[in-house]
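Residue numbers (the working numbering): 327 to 415.
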């Protein structure tokens with residue numbers, strides 16, 4: 327799918343606030359609500375928009391930071407896994 331200027335603007339606006347209504351987006355894009363709806367559905371169908379997510383304020387839920395780690399153990403025994411879990415919790 328080739329994206330035009332309007333598609334790119336829709337993506338930009340949704341990245342700023344994915345909860346905007348189609349009516350709000352239509353006002354910003356000078357398009358009809360139906361045209362905005364159809365374009366968003368096409369972007370979703372083509373896999374350009376994969377999903378919508380919530381960005382959480384970590385401080386408000388008592389988390390100072392989030393870290394994702396990939397751990398590779400040299401040996402795979404139950405004892406070592408249990409020991410590892412104790413060390414990281």
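Glycine residues also receive a C-beta, built at the ideal position from the N, C-alpha and C atoms.
A residue is called buried once 16 or more other Cβ atoms fall within 10 Å of its Cβ, and residue 336 is buried on that count. Under the three-state reduction of DSSP, residue 407 is assigned to helix. Judged by DSSP in its simplified three-state form, residue 370 adopts helix.
With a cutoff of 7 Å on beta-carbon distance, residue 362 and residue 348 are scored as near each other. One alpha carbon belongs to residue 367, the other to residue 407, and they sit about 45 Å apart.
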